[in-house]
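The structure appears below as structure tokens.
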Amino acid sequence: MLSYGLPREPSTGRIGVWRKLKRLGVAQIGDGVVALPADARTREQLEWIAQDITDAGGHVTVWLAQPTTAAAERELAACLAGARAAEYTQVIATARAATSAAAPERAVVARRLRAELRRINRRDYFPPAERDTARLAVHDLTDPMPDTSTAPGAEDRAAGVREPQP
2 MLSYGLPREP
12 STGRIGVWRK
22 LKRLGVAQIG
32 DGVVALPADA
42 RTREQLEWIA
52 QDITDAGGHV
62 TVWLAQPTTA
72 AAERELAACL
82 AGARAAEYTQ
92 VIATARAATS
102 AAAPERAVVA
112 RRLRAELRRI
122 NRRDYFPPAE
132 RDTARLAVHD
142 LTDPMPDTST
152 APGAEDRAAG
162 VREPQP
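Read in order, the letters of the sequence shown correspond to residues 2 to 167 in the working numbering.
The following block contains the structure:
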């Protein structure tokens, strides 16, 4: 957990810190209080941001905290998962919108969305169901299921009719 305060002016310090916190995928607990699951990576990242806050003339404390009830823990996990679910939903919508585009354009969109999935994954501490759907939607942009219905004899094969052997 990180508790911080920054001077109102100049606003560039506040904005820079907030953007870094958003990239980490923090849960906003209160005004100037954010939380992340405790692991070596998040702790190091929070310590770097704490230094940025101090350098900008703010005050900051990094805490190791644990919810005291299972309900509070579930609420925090749901908050983090919900934020990621919204991001994955946006990826799904973008991928589905691109399915009717020409192959080169689909490839460009797929490349951009794969990069976005990597960014989301770095801050996905409690993966929601939308994660797998988003990955599949992006995969399908460049590797769609083959359409066998237009292949010669497809209707016969689907009906179980065999072609005569020479």
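Ideal Cβ placement from N, Cα and C applies to all residues, glycine included.
Please read these numbers as outputs of a predicted model, since none were measured by experiment.
Asked, Found
"Reference Trp49, options Leu25, Ala138 and Glu117, closest by Cα", "Leu25"
"Where Leu137 sits in the DSSP three-state scheme", "helix"
"Environment of Ile16 [buried if 16+ CB atoms lie within 10 Å]", "exposed"
"Beta carbon of Ala78 nearer than 8 angstroms to that of Glu131", "no"
"Cβ pair Gly6, Gly83 closer than 8 angstroms", "no"
"Identity of the residues DSSP links to Val34 by a beta bridge", "Ser4 and Gly31"
"The segment 103-113 touching the segment 21-40, judged by at least three CB pairs closer than 8 angstroms", "no"
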